[in-house]
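Sequential numbering from 1 applies to the sequence shown in this note's numbering.
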Amino acid sequence: ALTAILAGAALLAYAAVAFAISLLVTLGDVSAVHAVWMRFAPGAHASALPVDVSIGGRNGGGNGGGAGGTRWRVGACLCVVAVGSGLVAARLLETVRVPIGIEVTAHRGAARVAPENTLASIRAAAAMGADRVEFDVMQSADGGLVLFHDTDLRRIANDPRRVAGMTLEELRGIDAGSWFSAEFAGERIPTLEEALDEAVRGGIAVNMELKAAGDEETLAQRALAVLREHRNGGAGEEGAREWAIVTSLSAGTLAAVRREDPGARIGLIVTASVGDLRRADVDLLAVESRIATGRFVRRAKQAGLQVHVWGVTDPDQFTRLALQGVEGVITSEPGSLLVRRAELARLTEVERLLLAFRMRVLGH
């Protein structure tokens, strides 16, 4: 039934384009006839039309050459319509060739069902079937690496102390689960080593977001040292590289990672598109969903950069991104997006084409 509705919509769209072309041709004919009439009888029926539609002027002069200029301009308009229609058709046909292999990353673990940035959230993400788990890595006052997002403990433990000012032992004593629910009372802030061990056990890839507080170099060195001990990509160095992504909002932190390990797979987290992001020395761009337009994605691909989109929770938005060929999404709703990905993978080529057409015309 849906395919029939979409086919009907496609026919209506075709009729609208055909009508527009016919209208342009008719206007061109009227302009040509009017220009000839005004050349031979400039004073007669001068007000027959509300405006002078002859491009070359009332007496057929000017750069357009009267009727000839009109025909040239009408022809140009028709060419623009034809080229535009061809480009739209080509873009729609591209969606048939794009494989639905978009990666689903659980943001801070499965943070809707377990406390964020904990071992419980990593286990839950793996159990859901997410491809990758994202977590935040910070450094304690004595150089320990822990999973935590905020700069202080106010939101998680109603404690005003800053993470960077506490020792690893002090941070390990914090209850990081009671704020979420009584079920997770006693859940601790994990170390990076514990988190990577849990990811290896669960068979899930990782996205480590490094959050530096003026310690970019040491944070990069220590995080990569731990990562080298836990890389789990299967056979070969390339598999290990694919298993772990290192991302950050800080270009300085990523530069430190690149210096420490030139082969590391790194990504810049983008909240606003300023300048040409393709010039960044990274492997991927993690962008906010409103930035991930079709044009942005195409330009990034031309530059050899992958695009991962964060803040995606709506399955329809996920569908649009998947049809655009985006490589991954970072989401707090991995379960629903995994279901949608499985649905998209079962579509035939015709169904995918009609779906792409519907989303372009109707926006959903």
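Just so you know, even glycine gets a beta-carbon here, dropped at the ideal spot from N, CA and C. Only a predicted model underlies this, so the values are computations on that prediction, with no experimental measurement involved.
Where do the N-terminal and C-terminal ends of the alpha helix (DSSP H) with residue i fall, by residue?
i: Glu-198; result: 192-202
i: Thr-105; result: Run containing Thr-105: none in the alpha helix (DSSP H); it sits in the beta strand (DSSP E), 103-107.
i: Gly-263; result: No alpha helix (DSSP H) holds Gly-263; DSSP gives it neither H nor E.
Where does residue i fall in DSSP's three states?
i: Ala-176; result: coil
i: Leu-344; result: helix
i: Ile-245; result: strand
i: Arg-231; result: coil
i: Ile-100; result: coil
i: Gly-61; result: Residue confidence is low: Gly-61 scores 45 on pLDDT, short of 50, so the model does not pin down where it sits. Its coordinate-derived value is still stated next. Of the three classes helix, strand and coil, the one that applies to Gly-61 here is coil, per DSSP.
i: Asp-215; result: coil
i: Val-226; result: helix
i: Glu-351; result: helix
i: Ser-22; result: helix
i: Glu-183; result: helix
i: Arg-258; result: helix
i: Ala-31; result: First, the amino acid is wrong: residue 31 is Ser here, not Ala. Ser-31 falls in the helix class under three-state DSSP.
i: Arg-358; result: helix
i: Asp-52; result: Its pLDDT being 45, under 50, Asp-52 is placed unreliably in this model, and the value from its coordinates should be taken loosely. Correct three-state label for Asp-52: coil.
i: Val-113; result: coil
i: Ala-220; result: helix
i: Ala-1; result: coil
With residue i as the anchor, note down where its beta strand (DSSP E) starts and where it stops.
i: Met-128; result: Careful: Met-128 lies outside any beta strand (DSSP E), inside the alpha helix (DSSP H) at 119-128.
i: Val-206; result: 205-210
Pop quiz: residue i and residue j are said to be a contact at Cβ under 8 Å. What is the actual Cβ separation, rounded to whole angstroms?
i: Ala-223; j: Val-137; result: 6 Å
i: Trp-310; j: Ile-330; result: 4 Å
i: Leu-192; j: Leu-145; result: 4 Å
i: Ala-205; j: Asp-131; result: 6 Å
i: Met-128; j: Pro-334; result: 5 Å
i: Gly-267; j: Val-257; result: About 10 Å separates the two Cβ atoms, so there is no contact after all.
i: Val-133; j: Ala-176; result: Incorrect: roughly 16 Å between the Cβ atoms, too far for contact.
i: Ile-269; j: Thr-293; result: Contact flag wrong, Cβ pair sits at about 18 Å.
i: Ala-110; j: Ala-124; result: 4 Å
i: Ala-322; j: Ile-100; result: 6 Å
i: Asn-117; j: Leu-153; result: 12 Å between Cβ atoms; not a contact.
i: Ile-245; j: Arg-265; result: 5 Å
i: Phe-184; j: Ala-126; result: Incorrect: roughly 17 Å between the Cβ atoms, too far for contact.
i: Ser-332; j: Arg-112; result: 6 Å
i: Ala-9; j: Arg-352; result: Actually they do not touch by this definition, with Cβ atoms about 15 Å apart.
i: Val-307; j: Ser-289; result: At roughly 11 Å, the Cβ-Cβ gap does not stay under 8 Å, so Val-307 and Ser-289 are not in contact.
i: Val-25; j: Leu-338; result: Contact flag wrong, Cβ pair sits at about 50 Å.
i: Gln-367; j: Asp-215; result: Here the chain has residues from 1 to 364 only, and residue 367 is not among them.
i: Gly-252; j: Ile-122; result: Actually they are not in contact, since the Cβ atoms of Gly-252 and Ile-122 sit about 28 Å apart, beyond 8 Å.
i: Gly-161; j: Ile-189; result: In the sequence as displayed, the identity of residue 161 is Arg instead of Gly. About 12 Å; that fails the 8 Å criterion.
i: Ile-5; j: Gly-328; result: Not a contact, Cβ separation roughly 31 Å.
i: Gln-324; j: Val-297; result: 5 Å
What residues are listed by DSSP as bridge partners for residue i?
i: Arg-188; result: Asp-175
Contiguous beta strand (DSSP E) assignments of at least 3 residues, all confined to the segment 265-342: Listed in chain order, the complete beta strand (DSSP E) runs (minimum 3 residues) inside the segment 265-342 are 266-270, 284-288, 306-310 and 328-331.
Pick out the complete alpha helix (DSSP H) segments inside the segment 132-173, 4 residues or longer, and give them in chain order. For the segment 132-173, whole alpha helix (DSSP H) runs of length 4 or above, ordered along the chain, are 154-157 and 168-172.
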